[in-house]
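Structure record follows, encoded as structure tokens.
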Amino acid sequence: MKGNALQNNREAAATELGYVFTFLLGVLLLTMFSIWIYDIESATRERWNEEAIDANMNDLSAAIERTDIASRIENSSYAEQVYWRSTEADESQFTLELTDTRLILYDAGGDLDTERALSGTGSAPHTGVIELAGVESIWVVYNNGVVSIELDRPMF
1 MKGNALQNNR EAAATELGYV FTFLLGVLLL TMFSIWIYDI ESATRERWNE EAIDANMNDL
61 SAAIERTDIA SRIENSSYAE QVYWRSTEAD ESQFTLELTD TRLILYDAGG DLDTERALSG
121 TGSAPHTGVI ELAGVESIWV VYNNGVVSIE LDRPMF
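Right, dumping it as structure tokens:
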């Protein structure tokens, strides 16, 4: 007759511990990888936002300079539509202000504040403040002796 006796076998326990540590190592590596990918994605989004805002500000300041040239012509009116590139930033926090020598973008919710210097060589004063929530285009207008930025198409 065969006798069944309990044996002290520690090999199975060591194997199970190996599986647990391998699983934990995999979880750690996947967590590190996902954090790394998130950082790359966030940095890319921030760079795209900055580049879109720079391009928008450059387009607007160029249109304002062209409007200044038109303001030197007597009895004239001028309007130019500039398309606003959307960003992933919260544009409801953006305010655009036009002064005689500067185009300024204020970002109440972050660090995307920027400005562009204008030559100020036009014969008209500059004015305008625009909230950029949902804006697709901005009109740069010279009418009645004033250069302004507006959301609505001017009716001369």
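In terms of my numbering, the sequence shown opens at residue 1 and continues consecutively. Beta carbons: idealized from backbone N, C-alpha and C, even for Gly. All values reported here derive from a predicted model rather than from experimental measurement.
- Every unbroken stretch of the beta strand (DSSP E) spanning 3 or more residues and falling wholly within the segment 61–116 is given here in chain order: 78–83, 94–98 and 102–107.
- Three or more beta-carbon pairs separated by less than 8 angstroms are not found between the segment 27–42 and the segment 103–112, which leaves the two stretches without contact.
- Of the residues assessed, Glu91 falls on the buried side of the cut-off, its CB having 16 or more other CB atoms within 10 angstroms.
- For Asn143, the enclosing beta strand (DSSP E) starts and ends at Ser137 to Asn143.
- Glu136 and Leu96 have their C-alpha atoms some 14 angstroms from each other.
- Between Ser77 and Ala124, the CB-CB gap reaches or exceeds 8 angstroms.
- CA-CA distance, Glu50 to Ile73, rounds to 36 angstroms.
- Taking 8 angstroms as the cut-off, the Cβ atoms of Asp152 and His126 do not count as close.
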